[in-house]
Every structure is written in structure tokens, then in C-alpha cells.
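Just so we're aligned, residue 0 is where the sequence shown starts under numbering that gives the first Met the number 0, counting upward by one.
For each residue, glycine too, the CB sits at the ideal point set by N, CA and C.
Since the structure is predicted, the reported quantities are computational estimates derived from the model, not experimental observations.
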Amino acid sequence: MSPILTPRTVVIAPAPIVVAPAPVAVPAAIAPVAHPLALTAGAAAAGAYRHHERQDAYDEINHLQQQRIDELNQLQAQRINNFNSRHPR
Numbered sequence: 000m001s002p003i004l005t006p007r008t009v010v011i012a013p014a015p016i017v018v019a020p021a022p023v024a025v026p027a028a029i030a031p032v033a034h035p036l037a038l039t040a041g042a043a044a045a046g047a048y049r050h051h052e053r054q055d056a057y058d059e060i061n062h063l064q065q066q067r068i069d070e071l072n073q074l075q076a077q078r079i080n081n082f083n084s085r086h087p088r
């Protein structure tokens, strides 16, 4: 008696999609230079400008965080005062 052949299940999986990041063009003002003394005044000024812009952003974030902390501390103090006024010792 010959063996009974059953059709095999064939699973076709799609090929993985690989997404590569697009190349980023680096402007000449921030391109790496051979030596720090080789920086032009324009590139140094642009770097200083970016540094100050970034520092301003950090300062603004810190200011907003400190505002939020102060508000939360004020709310906590109000809650404690309300509790203490309702529950005298």
C-alpha cells in the first residue's frame, strides 16, 4: 500500500521592511573642522548663537518647572492648613 500524500501548507511571509534614515546634509557652518583655531568668525558666532538659544530654552524650562513646583507647594500648604483648621489638636 502506498502512503497517502497530503498537500503541505505553505506559509508565505512578507519580507521585513527596512527603513533607513535619510542622509542629513550638514551645513558648512557646523561641519567638523581640522583644528579649533581653524574656525571662522562666522562659524564661531553661529555656534555661540546656538549655545545661547539652547541655554535660553533650558532656562525657560527650569523657570516653568520651578513655577509648577511652587504651585504644588502652595496647594500642599493650603491642604495642610485646611486639614489643621478642621482638626484642631
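Across the structure, Pro87 and Arg78 are spaced so that their CA atoms are roughly 14 Å apart.
The straight-line gap separating the alpha-carbon atoms of His50 and Asp69 is approximately 28 Å.
Shown here, Ile68 sits in a helix according to DSSP, grouped into three states.
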